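**Q** Mind looking over this structure? Questions follow.
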Amino acid sequence: MNAIAPQVSSISALASVEELDRALRDASPAEVIAAAVKTVGREKLALVSSFGTESATLLKVMADVDPAIPVVFLDTGWLFEETLAYRDTLIAALGLKDVRSIKPAEETLSREDPDRDLWFSDPDACCRIRKVEPLARALQPFDAWLNGRKRFQGNARADIPVVEIDGARLKFNPFANVSREELEAIFVRAKLPRHPLAASGFLSVGCMPCTSRTAEGEDARAGRWRGRSKTECGIHTMKIS
Ligand code: SF4
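As C-alpha cells, then:
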C-alpha cells in the first residue's frame, strides 16, 4: 500500500495528494481508476454510485479496469423502484462483482424521521441520516473512494480536482474533466442501458420526494430539490471521517 493513503492529515501526505492530483490531471478516467487501485489496493477502494442517469458510464469504465472493485449504493428508503431495477440491470450487464446496498439505521429513522416527512421539514437532516451517516459507516473499511462528479455540472462541482482528501481517506474524481458529450459517447459505444426514467424527462434522479422532471433547456440537476437553495445532499460537502 502506498504511504499516502490511510492517514492523510500530515503535511507530507497533503503534498503527496497534490502531487498525485497533478500527475493525474490529464489522465483518462480509466487511468485515474487504475491509479487509485495501485495507490490503495482494490480491497481498500470503493466506488460510490447512485445508479442514476449517468452512473452507467463510470461503472462501465470501472468494470473495464476491475469489475470486483466494491461499489457502495445508498438505498435511502426513498428511491424510485426504477432505480432499484436499474441497479440490478447494470450489475448483470457490466458483470459487477461486489455491489453493496447500504440502508439507513432503523433506529435512527424511528427516532428522527418516524413520519417520513423530514425531507420536507429539514432536507439537510434527512440527507444526513439517510445518506451521509450510512455512507460514513460504509466507507469505514476503505482508504479511498471513487465518485462520478463532473466539473461541467457547475455549482460546488465546477472546480473539483481529480484527487483530493476527504476526511480520513482519499477521494478520486475520475470524471472531473469529462464533458457531457464524452459521457454520451461512452453510453453509445458500450451500448449501455439507460435509466428507465431518463426517457420520461428525468435528467438526474435521486430520491422520489426531491426529484422532478427537467424542462427543455434547464440544467440537468435543476430537478433536484426544486424550489430550494439546496444543490448537494452532503456526501460531497461534509467531511466523512
Ligand atoms: S434527497 Fe430528499 S428524501 Fe433523499 S435523503 Fe435527501 S432530503 Fe431525504
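Numbering (the numbering used here), first residue to last: 15 to 255.
Virtual Cβ for every residue (Gly too), placed ideally from N, Cα, C.
Here the structure is a predicted model, which means the values were calculated and not measured.
1. For residue 34, which residues of its own chain have a beta-carbon under 6 Å away from its beta-carbon, when the five flanking residues on both sides are left out?
2. How is residue 18 classed by DSSP in three states: helix, strand or coil?
3. If we ignore side chains and look at the alpha-carbon of each, how far apart do residue 133 and residue 175 end up?
4. Examine the ligand SF4 and report whether any of its heavy atoms sits within less than 7 Å of the Cβ of residue 220.
5. So the candidates are 94, 92, 70; which of them puts its Cα closest to the Cα of residue 85?
6. Which of helix, strand or coil does DSSP assign to residue 23?
7. Just the Cα atoms here: how many angstroms apart are residue 46 and residue 201?
8. So, are the CB atoms of residue 111 and residue 82 less than 8 Å apart?
9. Any idea what DSSP makes of residue 242, helix, strand or coil?
10. Just the Cα atoms here: how many angstroms apart are residue 182 and residue 215?
11. According to the neighbour-count rule (16 or more other Cβ atoms, all chains shown, within 10 Å of its Cβ), is residue 167 buried or exposed?
12. Give the range of the beta strand (DSSP E) segment to which residue 69 is assigned.
13. How far does the beta strand (DSSP E) with residue 180 in it extend, from its first residue to its last?
14. Identify, in the order they occur along the chain, each residue of the same chain with its Cβ nearer than 8 Å to the Cβ of residue 189, setting aside the five sequence neighbours on each side.
15. If you count every other CB in all the chains shown that lies within 10 Å of the CB of residue 237, and 16 or more means buried, which is it?
16. The alpha helix (DSSP H) that contains residue 116, what's its start and end?
17. Could you say which of 209, 152, 206 lies nearest to residue 249 if we only look at CA atoms?
18. Given that a residue counts as buried once 16 or more other Cβ atoms are within 10 Å of its Cβ, and exposed if not, what is residue 50?
19. Roughly how many whole angstroms lie between the Cα atoms of residue 7 and residue 221?
20. Buried or exposed for residue 102, please, with buried defined as at least 16 other CB atoms from any protein chain shown within 10 angstroms of its CB.
21. Based on DSSP bridge pairs, tell me the residues matched to residue 225.
**A** Well, looking at it:
1. Here residue 34 is taken as the residue at index 20 of the sequence shown, counted from 1. Closer than 6 Å at Cβ, skipping near neighbours: 177.
2. Here residue 18 refers to the residue found at position 4 when the sequence shown is read from its first residue. Residue placement at residue 18 is poorly supported in this model, since its pLDDT is 45, which falls under 50; the coordinates still yield a value, given next. Residue 18: coil per DSSP, three-state reduction.
3. The sequence position of residue 133 within the sequence shown is 119, counting from 1. The sequence position of residue 175 within the sequence shown is 161, counting from 1. If you take the alpha carbons of residue 133 and residue 175, they lie about 30 Å apart.
4. Along the sequence shown, read from residue 1 onward, the residue named residue 220 stands at position 206. Yes, the beta carbon of residue 220 sits closer than 7 Å to at least one heavy atom of the ligand SF4.
5. Translated into the one-based positions of the sequence shown, residue 85 becomes position 71. The residue with the shortest Cα to Cα distance from residue 85 is 70.
6. Within the sequence shown, residue 23 is the residue found at index 9, counting from 1. Any answer about residue 23 is weak, because its pLDDT of 48 lies below 50 and its placement is not dependable; what the coordinates show is given next. In the structure shown, residue 23 adopts coil according to DSSP, grouped into three states.
7. Here residue 46 refers to the residue found at position 32 when the sequence shown is read from its first residue. Here residue 201 refers to the residue found at position 187 when the sequence shown is read from its first residue. Between residue 46 and residue 201, the C-alpha separation is close to 19 Å.
8. Residue numbering aside, residue 111 sits at position 97 when the sequence shown is read from its first letter. Residue numbering aside, residue 82 sits at position 68 when the sequence shown is read from its first letter. Closer than 8 Å, so yes.
9. Working through the sequence shown from its first residue, we reach residue 242 at position 228. The answer is coil: DSSP assigns residue 242 none of H, G, I, E or B.
10. Taking the sequence shown and counting its residues from 1, one reaches residue 182 at position 168. Taking the sequence shown and counting its residues from 1, one reaches residue 215 at position 201. Cα-Cα distance, rounded: 38 Å.
11. As a working mapping, residue 167 is identified with position 153 in the sequence shown. So residue 167 ends up on the buried side.
12. Taking the first residue of the sequence shown as position 1, residue 69 is located at position 55. Where residue 69 is concerned, there is no enclosing beta strand (DSSP E), although the alpha helix (DSSP H) it sits in stretches over 69-79.
13. Sequence index remark: in the sequence shown, residue 180 carries index 166 (1-based). Where residue 180 is concerned, the enclosing beta strand (DSSP E) stretches over 177-180.
14. Reading the sequence shown from its first residue, position 175 is the one you call residue 189. Cβ neighbours of residue 189 beyond the five flanking positions: 43, 71, 72, 162, 163, 164, 197.
15. The residue you call residue 237 lines up with position 223 of the sequence shown. Burial call: buried.
16. By one-based count along the sequence shown, residue 116 stands at place 102. Counting along the chain, residue 116 falls outside any alpha helix (DSSP H), though it belongs to the beta strand (DSSP E) covering 113-116.
17. On the sequence shown, residue 249 is found 235 positions in, with the first residue counted as 1. It is 152.
18. For the purposes of this step, residue 50 is identified with residue 36 of the sequence shown, where counting begins at 1. Looking at its Cβ environment, which holds 16 or more other Cβ atoms inside 10 Å, residue 50 is buried.
19. Residue 7 lies beyond the residue range present for the chain, which begins at 15 and ends at 255; the question has no answer from this structure.
20. Counting from one through the sequence shown, the residue named residue 102 turns up at place 88. When all chains shown are included, residue 102 counts as exposed.
21. As a working mapping, residue 225 is identified with position 211 in the sequence shown. According to DSSP, residue 225 bridges with 238.
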